[in-house]
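Chemist:
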Amino acid sequence: MGEIRRPTATDRNETLLANMPTPRQAICSAAAACLGAFAMYKTQAVTKEYMDPIVAFCSNPSSSSFAVPGVTFVPHEPLTGLVVFAPLVCIITQFLNSLVTNHPEGMITWGSTMISCLPALLVMTIEGGRSGSRGIVRYPTVLGLLGQILGISVAFPLFWVPGCLLLSSGPARGGATLSRRAYAGLVLAIPCIACTAFAFVLDPSSRPWRVFVGMLGGPILPMLSLVLWGMEVPNDKRSDPQVVADGAVASQRAYLAVGAVGLGWWWAIIVPKILGVYGLDPVVIWSAIWTAAHPSVKFMTIDAVVLWLGMVMYIAAEDLFGAFVALVTAPLLGPGASCVVALWGREKMREAVAKKAVVHKKAE
């Protein structure tokens, strides 16, 4: 029987170096974190006067009056907050009512954020279940709740991007993910789209509107990701090239699906609304979504821009050309589909490498 070779200090050092983030990954992580920190500061700064009385009211569950000087309150649906998050649901209900009232800029900025959010949620789902992933990226429910509390433009670039690039770098980036996890991520996007549609279509004075808005801004949607629990590649299949290839194919299909939704959303709703109301004058458009905008609209403008840039930083960490494509094609494809092009291309390359490994393995 041959002697079992124990890992030497050199072996451990080589493994450590192989899994260390590259300089580009470190730079992109720092840039993303700065974007998230900026979003946290700026969103609070532009909405402080507007949000302070709302937060004060919603933090007082014993109050029975919706009369606060300078602020118009609407009833909320406490059950959608699952008791613990009832104040959060109250706050988001007032916030979304403001966006619905400030039409169309409220719908434009929220919709643009959601278009970027779809691929962001999908990449969080897929990478969280990839073999070799570590740290916070493995817990999409926690990240989703942070996104509801702090804003997705804070949670994604500040926590997820550095967590993914710094803790799950090196060979782990080529690990396998289950096909059904990619498809599950696609299914989980459906309630987000549906709740957004109902939020801007239904009458804000109706109870169905309050229910959908409460679901949209409360804990229910993030907690749906608990179905991903256990959707991880078995230990004996983590390096199986066939499993890697299958997961890559499923990921490509899921990315293409959310990309198609984002592209349709961009051209069927966002662009026609911008052109129909504001035309092509950038000064008029900027005034509507920032200079003369309501604080809630300003909040969503920051959300939309920072979330998209956070995704671009994530792409740039491994694919500078893909990040460039996402930047230059955003006006044409929208902020979601422009990023999906790079994400899909990465999975296509992963599939090609894995299939070569399968052929080589069969030939042995």
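Each residue of the sequence shown is one higher than the last, beginning at 487 in our numbering.
By construction, the Cβ of each residue, glycine as well, lies at the ideal position given by its N, Cα and C atoms.
Smallest Cα separation from residue 730: which of 773, 802, 661?
Modeler: In the sequence shown, the residue the question calls residue 730 occupies position 244. Looking at the Cα atoms, 661 is the closest of the given residues.
Chemist: For residue 543, count neighbouring C-beta atoms within 10 Å of its own C-beta (all shown protein chains included) and say buried if the count is 16 or more, exposed if not.
Modeler: Here residue 543 corresponds to residue number 57 of the sequence shown, with the count starting at 1. Its Cβ being crowded by 16 or more others within 10 Å, residue 543 is buried.
Chemist: Quick one: residues in its chain with C-beta nearer than 8 Å to the C-beta of residue 658, no 5 flanking neighbours on either side, listed in chain order?
Modeler: Walking along the sequence shown from the start, residue 658 turns up at place 172. Low confidence applies here, because residue 658 scores a pLDDT of 49, under 50, leaving its location unreliable; read the following figure in that light. So the list reads 505, 616, 617, 618, 619, 620, once near-sequence residues are dropped.
Chemist: How long is the line joining the alpha carbons of residue 708 and residue 750, rounded to whole angstroms?
Modeler: Taking the sequence shown and counting its residues from 1, the one referred to as residue 708 is at position 222. Taking the sequence shown and counting its residues from 1, the one referred to as residue 750 is at position 264. Each residue's alpha carbon lies about 24 Å from the other.
Chemist: In chain order, what residues of the same chain lie with their CB nearer than 7 Å to the CB of residue 710, ignoring the 5 residues before and after it?
Modeler: Within the sequence shown, numbered from 1, the residue matching residue 710 stands at position 224. Same-chain partners within the cutoff: 674, 677.
Chemist: Whose C-beta lies closer than 7 Å to the C-beta of residue 577 among residues of the same chain, with five residues either side of it excluded?
Modeler: By one-based count along the sequence shown, residue 577 stands at place 91. Closer than 7 Å at the Cβ level, and outside the excluded window around residue 577, lie 540, 541, 544.
Chemist: Is it right to say residue 832 is buried, meaning 16 or more other beta carbons lie within 10 angstroms of its own, or is it exposed?
Modeler: Taking the sequence shown and counting its residues from 1, one reaches residue 832 at position 346. Answer is buried; the Cβ neighbour count reaches 16.
Chemist: Between residue 830 and residue 741, which are expected to be in contact by the criterion C-beta below 8 Å, what is the C-beta distance as a whole number of angstroms?
Modeler: Looking up residue 830 in the sequence shown gives position 344. Looking up residue 741 in the sequence shown gives position 255. Contact holds; Cβ gap of about 5 Å.
Chemist: Where in the segment 690-746 do unbroken runs of the alpha helix (DSSP H), each at least 4 residues long, occur, reported from the N-terminal end onward?
Modeler: Segments of the alpha helix (DSSP H) lying fully in the segment 690-746: 693-703, 706-709.
Chemist: If we call anything under 9 Å between Cβ atoms a contact, is residue 604 one with residue 679?
Modeler: Stepping through the sequence shown from its first residue, residue 604 is reached at position 118. Stepping through the sequence shown from its first residue, residue 679 is reached at position 193. Yes, the pair counts as a contact, with Cβ atoms nearer than the cut-off.
Chemist: At the level of alpha carbons, what is the spacing between residue 807 and residue 820?
Modeler: As a working mapping, residue 807 is identified with position 321 in the sequence shown. As a working mapping, residue 820 is identified with position 334 in the sequence shown. Rounded to whole angstroms, residue 807 to residue 820 spans 18 Å at the Cα level.
Chemist: Please determine if the segment 785-802 and the segment 593-611 are in contact, where contact requires at least 3 C-beta pairs separated by less than 8 Å.
Modeler: Counting Cβ pairs under 8 Å, three or more are found: they touch.
Chemist: Out of 817, 653, 791, 841, which has the shortest C-alpha to C-alpha gap to residue 529?
Modeler: As a working note, residue 529 is residue 43 in the sequence shown. Nearest option by C-alpha distance: 791.
Chemist: What residues in its chain sit with their C-beta under 7 Å from that of residue 566, if we drop five residues either side in the sequence?
Modeler: What you label residue 566 is simply residue 80 of the sequence shown in a count that begins at 1. These residues qualify, in order along the chain: 575, 697, 700, 701, 704, 706.
Chemist: Look at the alpha carbon of residue 569 and the alpha carbon of residue 563, and state the distance between them as a whole number of angstroms.
Modeler: Taking the first residue of the sequence shown as position 1, residue 569 is located at position 83. Taking the first residue of the sequence shown as position 1, residue 563 is located at position 77. For residue 569 and residue 563, the distance between alpha carbons rounds to 10 Å.
Chemist: Near residue 851, what residues of its chain come up, given a Cβ to Cβ distance below 7 Å and the 5 sequence neighbours on each side ignored?
Modeler: The structure shown does not extend to residue 851, since the chain spans only 487 to 850, so no value can be given for it.
Chemist: Whole angstroms are fine: how far does the CA of residue 614 sit from the CA of residue 753?
Modeler: What you label residue 753 is simply residue 267 of the sequence shown in a count that begins at 1. What you label residue 614 is simply residue 128 of the sequence shown in a count that begins at 1. C-alpha separation (whole angstroms): 31 Å.
Chemist: Are the Cβ atoms of residue 518 and residue 626 separated by less than 9 Å?
Modeler: For the purposes of this step, residue 518 is taken as residue 32 along the sequence shown, with counting starting at 1. For the purposes of this step, residue 626 is taken as residue 140 along the sequence shown, with counting starting at 1. No, they are not a contact pair.
Chemist: Would you identify the three-state DSSP class for residue 573, choosing helix, strand or coil?
Modeler: The residue given as residue 573 occupies position 87 in the sequence shown. Correct three-state label for residue 573: helix.
Chemist: Would the beta-carbon of residue 743 fall within 9 Å of that of residue 511?
Modeler: For the purposes of this step, residue 743 is taken as residue 257 along the sequence shown, with counting starting at 1. For the purposes of this step, residue 511 is taken as residue 25 along the sequence shown, with counting starting at 1. No. Outside cutoff.
Chemist: Is the beta carbon of residue 733 closer than 9 Å to that of residue 828?
Modeler: The residue you call residue 828 lines up with position 342 of the sequence shown. The residue you call residue 733 lines up with position 247 of the sequence shown. It is not a contact, given that the beta carbons lie outside the stated cut-off.
Chemist: Would you tell me roughly how many angstroms separate the C-alpha atoms of residue 845 and residue 771, rounded to the nearest one?
Modeler: Position 359 of the sequence shown, counted from the first residue, corresponds to residue 845. Position 285 of the sequence shown, counted from the first residue, corresponds to residue 771. Cα to Cα, residue 845 sits roughly 54 Å from residue 771.
Chemist: For residue 651 and residue 558, what's the separation of their Cα atoms in angstroms?
Modeler: As a first step, residue 651 must be located in the sequence shown, where it is residue number 165. As a first step, residue 558 must be located in the sequence shown, where it is residue number 72. If you take the alpha carbons of residue 651 and residue 558, they lie about 43 Å apart.
Chemist: Counting along the chain, where does the alpha helix (DSSP H) carrying residue 616 start and finish?
Modeler: Locating residue 616 in the sequence shown gives position 130, counting from the first residue. Looking at the DSSP string, residue 616 is not in any alpha helix (DSSP H), and its letter there is neither H nor E.
Chemist: Taking the alpha carbon of residue 841 as the reference point, which residue from 538, 739, 560, 726 has its own alpha carbon closest?
Modeler: If you number the sequence shown from 1, residue 841 lands on position 355. Looking at the Cα atoms, 726 is the closest of the given residues.
Chemist: According to DSSP, simplified to helix, strand and coil, what is residue 782?
Modeler: For the purposes of this step, residue 782 is taken as residue 296 along the sequence shown, with counting starting at 1. The answer is helix: DSSP assigns residue 782 an H, G or I state.
Chemist: If I measure Cβ to Cβ from residue 719 and keep anything under 7 Å in the same chain, skipping five residues before and after, which residues do I get?
Modeler: Counted from its first residue, the sequence shown places residue 719 at position 233. Excluding sequence neighbours, residue 719 sits near 617, 662, 663, 664, 729.
Chemist: Using alpha carbons as the reference points, say which of 633, 737, 755, 585 lies closest to residue 690.
Modeler: Translated into positions along the sequence shown, residue 690 becomes position 204. It is 585 whose Cα lies nearest to the Cα of residue 690.
Chemist: Which term fits residue 712, buried or exposed, when burial requires 16 or more other beta carbons within 10 angstroms of its beta carbon?
Modeler: Position 226 of the sequence shown, counted from the start, is the residue given in the question as residue 712. Classification for residue 712: exposed.
Chemist: Measuring straight from C-alpha to C-alpha, what distance separates residue 692 and residue 587?
Modeler: Working through the sequence shown from its first residue, we reach residue 692 at position 206. Working through the sequence shown from its first residue, we reach residue 587 at position 101. Computed Cα separation, rounded: 15 Å.
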